[in-house]
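Take a look at the structure set out below.
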Amino acid sequence: PAPPASAANTAGAAGASAAATSGDAGPIVATNRPQTRAQVYEGVRRMTALGKQLFFDPTLSGSGKLACASCHSPEHAFGPPNALPVQFGGDDMRHAGFRAVPSLKYLQGVPQFTEHFHDSDDEGDESVDAGPTGGLTWDGRVDTGAAQARIPLTSPFEMNSSPAQVARAVKAAPYADEFRALFGVHVLDDDQAAFNAVLRALGTFEQTPDVFAPYTSKYDAYLAGRARLTPAELHGLQLFNDETKGNCASCHVSQRALDGTPPQFSDFGLIAIAVPRNRALPVNRDPRFYDLGACGPERTDLKGRDEFCGLFRTPSLRNVALRKTFFHNGVYHSLEDVMRFYVERDIHPEKFYPVVHGKVQIYDDLPKRYWPNINREPPFDRKPGDKPALDEAEIKDVIAFLNTLTDGYQQTAAQAATQAAR
Numbered sequence: 448p449a450p451p452a453s454a455a456n457t458a459g460a461a462g463a464s465a466a467a468t469s470g471d472a473g474p475i476v477a478t479n480r481p482q483t484r485a486q487v488y489e490g491v492r493r494m495t496a497l498g499k500q501l502f503f504d505p506t507l508s509g510s511g512k513l514a515c516a517s518c519h520s521p522e523h524a525f526g527p528p529n530a531l532p533v534q535f536g537g538d539d540m541r542h543a544g545f546r547a548v549p550s551l552k553y554l555q556g557v558p559q560f561t562e563h564f565h566d567s568d569d570e571g572d573e574s575v576d577a578g579p580t581g582g583l584t585w586d587g588r589v590d591t592g593a594a595q596a597r598i599p600l601t602s603p604f605e606m607n608s609s610p611a612q613v614a615r616a617v618k619a620a621p622y623a624d625e626f627r628a629l630f631g632v633h634v635l636d637d638d639q640a641a642f643n644a645v646l647r648a649l650g651t652f653e654q655t656p657d658v659f660a661p662y663t664s665k666y667d668a669y670l671a672g673r674a675r676l677t678p679a680e681l682h683g684l685q686l687f688n689d690e691t692k693g694n695c696a697s698c699h700v701s702q703r704a705l706d707g708t709p710p711q712f713s714d715f716g717l718i719a720i721a722v723p724r725n726r727a728l729p730v731n732r733d734p735r736f737y738d739l740g741a742c743g744p745e746r747t748d749l750k751g752r753d754e755f756c757g758l759f760r761t762p763s764l765r766n767v768a769l770r771k772t773f774f775h776n777g778v779y780h781s782l783e784d785v786m787r788f789y790v791e792r793d794i795h796p797e798k799f800y801p802v803v804h805g806k807v808q809i810y811d812d813l814p815k816r817y818w819p820n821i822n823r824e825p826p827f828d829r830k831p832g833d834k835p836a837l838d839e840a841e842i843k844d845v846i847a848f849l850n851t852l853t854d855g856y857q858q859t860a861a862q863a864a865t866q867a868a869r
């Protein structure tokens, strides 16, 4: 998932495509020609349209059956289309990964990964170190859309493709001529150049604002004064923000930024919450295997850095109600189960972790040496015998609020009239 490199840069390159269509064989990425504003915008439009075609094209995969859209379904906020914990791919479409598919929406604000993120709601005060923050994918290991797109295209348990396979697919595609027009008539003569161009076009499409960051939820309408939350939704919002109750907003920021930017519902920080091991995943049949997030196995630059083990990037909660699989390993399949884990993890660990010979195997997907990394802030600040931060009725109200984060909200005529009269 990823916001791609600067749209302006992409636009500038794409805008030079007019020269390519008039007989210039040079790839547009190498051009230094000045461009008019109209050329720039036309270039963005064409690059976006090409990226969309690539996004829905299964022939880019080794099996010829898996497109980007197969796992990142537009009908499900560009997230998984089903309740499977992970999706299947590879050359035979039977290879399972070990991480749940994240949504590609609302990634434009994710900062580049840094081990020490300094930011604050108080303008000018950046003295607080928020710790590891940013980057794309669950472990934050890449920073650009092009780098992210490379991962599923070449993964043996996802699209299982290669630069050569991708180039062959583009040559045979109905959009091949447009591809050459945008990137140069000889771009498909070089497999790596063709592959890099595909990544660039995909990244451009994934930056389309009205598709990937429309801000059309009921909550957005509420913030703009165009909708009212129901009593349950409003109470859920209060519980979501309350530091002594849900404390959800401590990571899933619910307020506008100082510059008025709508809330992203993530601080993009990396955090360890000791999600239970998902024993349904084939990879977990090996008791020696652990997905440690930021310190491996997919991410390698932080390998051996114990303080990063077990940390995964906080996802946005926008459109979360459309999902049917949650957390990095897809261990839960309903918001109710997710909420109960949050408020009862350390009160009733036997509900979430295996019991062996009468003893609960707490934090069973994280080796004990990394337990100091586990978050203990509310609602994770409880112990057996304590009262959960939220009861069942309150959980229901928080979920009612989470449902207001789904894009595509439309008021009925009666609701609009009532709101206008206030």
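Per the numbering used here, the very first residue in the sequence shown carries number 448; after that it's consecutive. Where a beta carbon is used, it is the ideal one built from N, C-alpha and C, also for glycine.
- As the crow flies, the alpha-carbon of G683 is around 11 Å from that of K692.
- Between P599 and A641 the beta-carbon gap is near 17 Å, outside 8 Å, which marks them as no contact.
- Between the alpha carbons of G832 and W818 lies a gap of roughly 22 Å.
- Per DSSP, reduced to three states, the secondary structure at D576 is strand.
- Two segments are said to touch when three or more pairs of C-beta atoms, one from each, lie closer than 8 Å; by this definition the stretch 775-789 touches the stretch 530-547.
- Of A614, L649 and R816, the smallest CA-CA separation from G509 is found for A614.
- Nearest to C698 by alpha-carbon distance, out of R752, E841 and G581, is G581.
- For H542, the three-state secondary structure derived from DSSP is strand.
- R726 and L758 have their alpha carbons spaced roughly 19 Å apart.
- C-alpha of D733 to C-alpha of H565: approximately 39 Å in a straight line.
- L705 sits exposed, since fewer than 16 C-beta atoms from the chains shown fall within 10 Å of its C-beta.
- For a cut-off of 8 Å, the C-beta gap from H519 to G526 is around 7 Å, short enough to register as a contact.
- Cβ-Cβ distances below 6 Å link H542 to G536 and F604 in the same chain, with the five nearest sequence neighbours on each side left out; the list follows chain order.
- When C-beta atoms of the stretch 549-562 are compared with those of the stretch 650-659, three or more pairs fall below 8 Å, so the two segments count as touching.
- G716 carries a strand assignment under DSSP once its states are collapsed to helix, strand and coil.
- Only exposed fits V802, as fewer than 16 other CB atoms lie within 10 angstroms of its CB.
- Taking A616 as reference, the option from A514, A593, V700 and V533 with the minimal CA-CA separation is A514.
- With a beta-carbon spacing of about 6 Å, T655 and T495 fall inside the 8 Å limit used to define contacts.
- Burial is judged here by how many other beta carbons sit within 10 angstroms of a residue's own beta carbon; P710 has at least 16 and is buried.
- Excluding residues up to 5 positions away in sequence, E690, T691, N694 and A836 lie with their Cβ nearer than 7 Å to the Cβ of P825 in the same chain.
- Per DSSP, Q595 is one residue of the alpha helix (DSSP H) stretching across G592 to T601.
- For D753, there is no enclosing alpha helix (DSSP H), as DSSP marks it with neither H nor E.
- In the DSSP assignment, E680 falls within the unbroken alpha helix (DSSP H) covering P678 to N688.
- By alpha-carbon distance to Q639, the top candidate from Q612, E522, E839 and L739 is Q612.
- For I821, the closest alpha carbon among the candidates A721, E522, V700 and T853 is that of A721.
- Setting aside the 5 residues that flank it on each side, V785 is surrounded in the same chain by F773 and Y779, each with a C-beta closer than 7 Å to its C-beta; the list follows chain order.
- Judged by DSSP secondary structure, E783 falls within the alpha helix (DSSP H) whose first and last residues are L782 to E791.
- The Cβ-Cβ distance between F712 and L852 falls below 8 Å.
- Contiguous alpha helix (DSSP H) elements confined to the stretch 490-567 occur at 515-518, taking only those with 4 or more residues.
- Contact annotation, E783 with I846: C-beta distance approximately 7 Å; criterion of less than 8 Å satisfied.
- Collapsing the DSSP output to three states places V802 in a strand.
- According to DSSP, L758 shares a beta bridge with G740.
- A distance below 8 Å separates the beta carbons of Y856 and S664.
- Listed as beta-bridge partners of Y779 by DSSP are F773.
- V807 sits in a strand when the DSSP states are folded into three classes.
- DSSP lists L583 as the bridge partner or partners of V589.
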